[in-house]
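Student: Mind looking over this structure? Questions follow.
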Amino acid sequence: MQQPKVPSVRDRMVKRRLLLGLLVAPAIIFLFVFLVVPMAGLLRLSFFDGDQPLGGAGFTLRHYGKFLLDGYYLSVLAETIGFGLASAFVSLLIGFPVGYSLARLPPGRRRWRLIAVVLPLTLSLVVVVFGWLVILGRNGLLNSLMIGFGLIDRPNQLLFNRTAVLVVLVQQFLPFMILSVMSVVVQINPVLEQAAANLRANRFVTFRRVVLPLAIPGILSGLTLVFILTASAFITPRLIGGPRIQMVGSLIFQQVLTILNWPFAAAMAFVLLVITLAVTWIANVVLAVRLDSGKAGHAN
Amino acid sequence: MRTDAIDMGMKLAGAIIRPLVYVTLCLPAAIVIVTSFTAGESLRFPPEGFSIRWYQAAIASEPFMNALWSSTRLALIATALSLAIGLASSFAIDRFRFRGREAFRTLTLSPLVVPMVVLGLGLLQFLSWMQLNQTFTGLLIGHVLITLPYVVRTLTASFVLFDRTLEQAAMNLRAPPWRVLWRVTLPLIGPALVSASVFSFVTSFGNITLSVFLGFAGETTLPVQIFTYVEHSYDPILAAVSTIVVLVTLAVIAIVEKLVGMETIA
Amino acid sequence: MKRRLFLKLAAASTATLAAPTVIRAQSKRFEGVTLNINGYGGDYDRLTKEYIVKPLEERTGLKVNIQASESTSALAQALASRNNPPFDILLTDSPIMPQLIKTDIIEPISAKDSPSLAKLLPGVREFGDFGIPFLTNAIILTYNSKLVKEPVTSYADLKRADLKGHVGMLSPANSGGVLALIALAESNGGSVDNVEPGLKALTSMRDSFATISPATVTIQQLLEQEEIWAAPFFDGRIYASRNRGKPLVSVVPKEGIYSVNNYWNPIKGTKKREAVFAYIEQAVSDEAIGPMVKFFRYAPCTDIKVSADVAKDVVVYGDNRKYMKPVDWAKVAQFRGDWIERFDKAMR
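Protein chains in written order, with the working numbering: chain A, 36 to 335; chain B, -5 to 260; chain C, 16 to 363.
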């Protein structure tokens, strides 16, 4: 029998490098050409001296100045970040139990619940907002329920305030948090929790000392995602927010599609982008540390 | 005693929060679906009477049905491309140690960080410079861009969980690499592939902003059609169309599950 | 032999002479030509297809593609690719026209080029020879007659105590909101150059508002849901709700009617000029405008006569046009960004 030819170590390394190159090339080329370059073009747009959509020229910082030096715009920015954080943490609070339970359910029972989580994402925002107007309206479901239960005697104004906007935003992006949590808890071996229970730890202690530390990557990833999605939202605040609740996303939309001052819109967009990048970077740095050490400590 | 109280407390909290979450998620959808069966003229809840007239109107409506087909086609192709690029990328991220691995990972996730309006504007400018802004390709590029991060996220998470010993066993049995890939690796990440494609399909299908900027005559997507519809009209056909969308998505999920042969969405 | 040859030749030549007529009759004027236009979506597009596109296709073989989109994104697309226009005709309304003219992407049409333009009402064209208007959307007042006992007759009435917390308003990000703001400004001693009186009036009314929204659909839903009892709103949308059984009354405000026109605009550099003109001729014909007025009850810009049954719901029809106040859209375009900013700040 002939001996099969054994490739040298060097050959194998070259082959491996080649393979790696082939694997990462598509994403790198695609993203560079269709994301990085257009963003660079947009950055250039934000420095144009002019207030027109296209065909600008020159270089000026005044659009950034207009945005960053004006108390009003800064307060809208602060409000947007506030909504982002609130939305992220509220959805963590109510999404974690759901994500956890989904991870621990047997596949059969999990399936329909998962569909219930994902399907709201397919509904057009226009009709979702209609639904919420019905629920939160003065003659709406919630008011009727509360009056029926005798909690209040006259309908309350539930719409057009921060809470209403937050509720709709949370509902809109909650599936992302649930799925992030679920995908990380699935990786935590249930044996660990059973072991803790055997050692007389109650739910809370098990959660705090076993589940939580291992779930941090998924939690951070979910928080980041929900924050970014909320901060960039513009249709929801446009449809359900009142005059008092403004978010940067709607301002950008206004500038782009109504006022047609694209350089200013681009400047606002880049400030928003820097913020979301910063948040992502912070989370990722923590995540990267966890990812490497998590892999090493992964129980199989 | 105290530990029991905390235990009970958490159990109770969970039992209350979970159903509440499901209700909150599904309530607007439920309202819309119920409203779509109204026999009356206006979008109101509770609906007046019961009728399927608005479904008949929706199906008879050429713009909506064309848009539905447009959106479905676009979402399917975008998902396929995203899966291809995303699988290659997440495989690389998981199996290879190379300099800039973390940067690469961030790059693949970066479209998520860019606000959609910004993306739309930037792409419109860029694609029109490349003479691609009035083509299906241009719209497709935009949709692959926004679905890729979800695919990569889902797949990299699944790869971390992956049990390599199974692959090693196959290789010990003298199976060539491509065979290992086809018969061991891919089936094992099957659930994640399904999950990634569902995520991707839903994201592409529901996207309004990008499609507004990059659409062109003959290729209006459904969310845009709905969005522009309400600028000038307002009736229950919207509810009917949205419900049809939900059904279409359910159908696609069912088909994908059958194809992959998995019972689960992990 | 000679005679038969002659007869054959005669037959052959008659056949060849007749043939071109047969061929001509079979090929239509615009066979193989496709126009791209943007549309408002929904019922607008449906009516456009039914009463403009279809008759044109039947008579001339012209095909028309309608892409539903916000007209500003259509403008954006047109600006982004000037040398290869995505549309042959651009559909927009008054607020955006100055931009179109300024960026030089549309062509003017005079009555010389298109005789059917004689159908347009005198004075309805707001931009010289640019743009062919066909429908007018007016901002008037509406109130819920079931919940509001005393009729609302003016913007000033919106301050009434019985309406507190139940008034709706469109923000200037919406063209209806721009009109309402101008109405308030002009009725309080201001003008397009100085909207401060209008902003002051709005600020003083803050407590009356249930909400101020840039989205027409939100105000409509809230009117139908009876969260909002009175609002300045589009005449056609008020009719639509009333037609669905809601007790909403259309009121011509004491301060006057402010409106926007919808315009068809031929794009500069279109290679299908003749087809574009044919389209516009059909678009201002009674065949096309009649159904649109009947469905929306928006006012026509042409001299079409509508039945009394329809006319009673068209607020700005015929004689009522005298209540319409002119708006300098070029100035509005200039100031609008500023107005939106000041409005947002004031209402916060």
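Glycine included, C-beta positions come from ideal geometry on N, C-alpha and C.
Quick caveat: nothing in here was measured; it's all calculated off a predicted structure.
Using a Cβ-Cβ cutoff of 8 Å, what residues of the stretch 253 to 265 of chain C are near chain A? List them in chain order.
Tutor: none
Student: C/Lys261: buried (16+ other C-beta within 10 angstroms of its C-beta) or exposed?
Tutor: Locating residue 261 of chain C in the third sequence gives position 246, counting from the first residue. Looking at its Cβ environment, which holds 16 or more other Cβ atoms inside 10 Å, C/Lys261 is buried.
Student: Quick check: the Cα distance between C/Asn277 and C/Ala83, rounded to an integer number of angstroms?
Tutor: In the third sequence, residue 277 of chain C corresponds to position 262, counting from 1. In the third sequence, residue 83 of chain C corresponds to position 68, counting from 1. Approximately 15 Å, taken between the alpha carbons.
Student: Using CA atoms only, rank isn't needed, just tell me which of C/Asp328, C/Phe350, C/Met362, C/Trp354 is closest to C/Ile155.
Tutor: On the third sequence, residue 155 of chain C is found 140 positions in, with the first residue counted as 1. Ranking the options by Cα distance to C/Ile155, first place goes to C/Asp328.
Student: Rounding to the nearest angstrom, what Cα-Cα distance links B/Val208 and B/Thr141 in this structure?
Tutor: Start at 1 with the first residue of the second sequence, and residue 208 of chain B comes out as number 214. Start at 1 with the first residue of the second sequence, and residue 141 of chain B comes out as number 147. Residue identity differs from the one stated: residue 208 of chain B is Leu in this sequence, not Val. Looking at the two C-alpha atoms, the distance is approximately 16 Å.
Student: Using DSSP with H/G/I as helix, E/B as strand and the rest coil, what is C/Ser84?
Tutor: Locating residue 84 of chain C in the third sequence gives position 69, where the first residue counts as 1. Here C/Ser84 sits in coil by DSSP.
Student: Which residues of chain A have a Cβ atom closer than 9 Å to the Cβ of C/Gln240, listed in chain order?
Tutor: As a first step, residue 240 of chain C must be located in the third sequence, where it is residue number 225. Those within 9 Å of C/Gln240 in chain A are Leu168, Val169, Gly172, Arg173, Asn174, Gly175.
Student: Could you check the C-alpha separation between C/Arg357 and C/Pro341 for me, to the nearest Å?
Tutor: Taking the first residue of the third sequence as position 1, residue 357 of chain C is located at position 342. Taking the first residue of the third sequence as position 1, residue 341 of chain C is located at position 326. Between the C-alpha atoms of C/Arg357 and C/Pro341 there is a straight-line separation of about 23 Å.
Student: Considering only the beta carbon of each residue, do C/Met112 and C/Phe149 sit closer than 9 Å?
Tutor: Position 97 of the third sequence, counted from the start, is the residue given in the question as residue 112 of chain C. Position 134 of the third sequence, counted from the start, is the residue given in the question as residue 149 of chain C. Against a cut-off of 9 Å, the Cβ pair of C/Phe149 and C/Met112 comes out as no contact.
Student: Counting only Cβ-Cβ distances shorter than 7 Å, please list the residues of the stretch 107 to 120 of chain A near chain C, keeping chain order.
Tutor: Tyr107
Student: Quick check on DSSP: helix, strand or coil for C/Lys374?
Tutor: Nothing in the structure corresponds to residue 374 of chain C, since chain C is present only between 16 and 363.
Student: Going by alpha carbons, who is nearest to B/His137 out of B/Leu167, B/Arg47, B/Phe44, B/Ser205?
Tutor: The residue you call residue 137 of chain B lines up with position 143 of the second sequence. Here the closest residue by C-alpha is B/Ser205.
Student: Run the CB neighbour count on C/Arg221, radius 10 Å, all protein chains shown included, and call it buried at 16 or more, exposed below.
Tutor: Along the third sequence, read from residue 1 onward, the residue named residue 221 of chain C stands at position 206. It counts as exposed.
Student: With a threshold of 9 Å between beta-carbons, can C/Thr151 be considered close to chain B, or not?
Tutor: In the third sequence, the residue the question calls residue 151 of chain C occupies position 136. Against chain B, the CB of C/Thr151 has no partner CB under 9 Å away; the residue lies outside that interface.
Student: A/Arg279 CB to nearest chain C CB: under 9 Å?
Tutor: Counting from one through the first sequence, the residue named residue 279 of chain A turns up at place 244. At least one chain C Cβ lies under 9 Å of A/Arg279.
Student: Considering only DSSP beta bridges, list what C/Ile154 is partnered with.
Tutor: Within the third sequence, numbered from 1, the residue matching residue 154 of chain C stands at position 139. C/Ile154 pairs with C/Phe249, C/Tyr273.
Student: Determine the extent of the beta strand (DSSP E) in which C/Ser265 is found, giving its start and end residues.
Tutor: For the purposes of this step, residue 265 of chain C is identified with residue 250 of the third sequence, where counting begins at 1. Unbroken beta strand (DSSP E) run through C/Ser265: 263 to 266.
Student: Hey, how far is the Cα of C/Arg74 from the Cα of C/Lys43?
Tutor: Reading the third sequence from its first residue, position 59 is the one you call residue 74 of chain C. Reading the third sequence from its first residue, position 28 is the one you call residue 43 of chain C. Cα to Cα, C/Arg74 sits roughly 7 Å from C/Lys43.
Student: Starting from the beta carbon of C/Gln114, find every residue of chain A whose beta carbon is closer than 7 Å, and list them in chain order.
Tutor: Position 99 of the third sequence, counting from 1, holds the residue named residue 114 of chain C. Neighbours of C/Gln114 on chain A, chain order: Leu295.
Student: Taking only beta-carbon positions, decide if C/Glu85 is within less than 9 Å of chain A.
Tutor: Residue 85 of chain C sits at position 70 when you count from the first residue of the third sequence. It does: the Cβ of C/Glu85 has a partner Cβ on chain A nearer than 9 Å.
Student: By the DSSP assignment, the beta strand (DSSP E) with C/Leu50 in it spans what residues?
Tutor: Looking up residue 50 of chain C in the third sequence gives position 35. Here the beta strand (DSSP E) through C/Leu50 covers 49 to 54.
Student: Using DSSP bridges, identify the partner residues of C/Pro281.
Tutor: Here residue 281 of chain C refers to the residue found at position 266 when the third sequence is read from its first residue. DSSP output for C/Pro281 lists C/Ile104 as bridge partner(s).
Student: State the CB to CB distance for the pair B/Gly116 and A/Pro298, rounded to an integer number of angstroms; the pair is presumed to be in contact (CB under 8 Å).
Tutor: Taking the second sequence and counting its residues from 1, the one referred to as residue 116 of chain B is at position 122. Taking the first sequence and counting its residues from 1, the one referred to as residue 298 of chain A is at position 263. That pair is no contact at about 13 Å.
Student: Any idea if C/Lys346 is buried or exposed, counting beta-carbon neighbours within 10 angstroms, 16 or more meaning buried?
Tutor: Indexing the third sequence from 1 puts residue 346 of chain C at position 331. C/Lys346 is exposed by the Cβ-count criterion.
Student: For A/Leu209 versus A/Ile129, is the C-beta spacing smaller than 9 Å?
Tutor: For the purposes of this step, residue 209 of chain A is taken as residue 174 along the first sequence, with counting starting at 1. For the purposes of this step, residue 129 of chain A is taken as residue 94 along the first sequence, with counting starting at 1. In this structure, A/Ile129 lies closer than 9 Å to A/Leu209 by Cβ.
Student: Within this structure, are the beta carbons of C/Lys64 and C/Val299 separated by less than 9 Å?
Tutor: The count along the third sequence starts at 1 and reaches residue 64 of chain C at position 49. The count along the third sequence starts at 1 and reaches residue 299 of chain C at position 284. No, Cβ-Cβ distance for C/Lys64 and C/Val299 is not below 9 Å.
Student: Roughly how many angstroms lie between the CA atoms of A/Arg52 and A/Val321, to the nearest whole one?
Tutor: Residue numbering aside, residue 52 of chain A sits at position 17 when the first sequence is read from its first letter. Residue numbering aside, residue 321 of chain A sits at position 286 when the first sequence is read from its first letter. In a straight line, the C-alpha of A/Arg52 is about 29 Å away from that of A/Val321.
Student: What in chain A is Cβ-close to C/Gln82, meaning under 8 Å?
Tutor: Position 67 of the third sequence holds residue 82 of chain C. Residues of chain A passing the Cβ test: none, with the nearest at roughly 16 Å.
Student: Give the secondary structure of B/Ser152 by DSSP, where H, G and I count as helix, E and B as strand, and everything else as coil.
Tutor: One-based indexing of the second sequence puts residue 152 of chain B at position 158. Reduced to three states, the DSSP call for B/Ser152 is helix.
Student: To the nearest angstrom, how far is it from the Cα of C/Asp208 to the Cα of C/Ser202?
Tutor: Position 193 of the third sequence holds residue 208 of chain C. Position 187 of the third sequence holds residue 202 of chain C. Cα to Cα, C/Asp208 sits roughly 14 Å from C/Ser202.
Student: Are the beta-carbon atoms of C/Thr107 and C/Ser86 separated by less than 9 Å?
Tutor: Working through the third sequence from its first residue, we reach residue 107 of chain C at position 92. Working through the third sequence from its first residue, we reach residue 86 of chain C at position 71. Yes, Cβ-Cβ distance for C/Thr107 and C/Ser86 is below 9 Å.
Student: CA-CA distance, C/Val308 and C/Thr157?
Tutor: Counting from one through the third sequence, the residue named residue 308 of chain C turns up at place 293. Counting from one through the third sequence, the residue named residue 157 of chain C turns up at place 142. Their Cα atoms are separated by approximately 20 Å.
Student: Do B/Thr243 and B/Val26 come within 9 Å of each other at the CB atom, strictly closer than that value?
Tutor: Position 32 of the second sequence, counted from the first residue, corresponds to residue 26 of chain B. Position 249 of the second sequence, counted from the first residue, corresponds to residue 243 of chain B. No; because the gap between Cβ atoms is not below 9 Å, this pair is not in contact.
Student: Here's a check: name, in chain order, each residue in its chain whose Cβ is nearer than 7 Å to the Cβ of C/Val37, leaving out the five neighbours to either side.
Tutor: Residue numbering aside, residue 37 of chain C sits at position 22 when the third sequence is read from its first letter. Unreliable positioning characterises C/Val37 in this predicted model, as indicated by a pLDDT of 46, which lies under 50. A coordinate reading is not provided.
Student: Enumerate, from N- to C-terminal direction, the unbroken beta strand (DSSP E) stretches of 3 or more residues contained entirely within the stretch 127 to 206 of chain C.
Tutor: Taking 3 residues as the shortest admissible run, the stretch 127 to 206 of chain C contains the following complete beta strand (DSSP E) segments, listed from N- to C-terminal end: 147 to 159, 182 to 185.
Student: For A/Gly106 and A/Ile116, what's the separation of their Cα atoms in angstroms?
Tutor: Position 71 of the first sequence, counted from the first residue, corresponds to residue 106 of chain A. Position 81 of the first sequence, counted from the first residue, corresponds to residue 116 of chain A. Between A/Gly106 and A/Ile116, the C-alpha separation is close to 15 Å.
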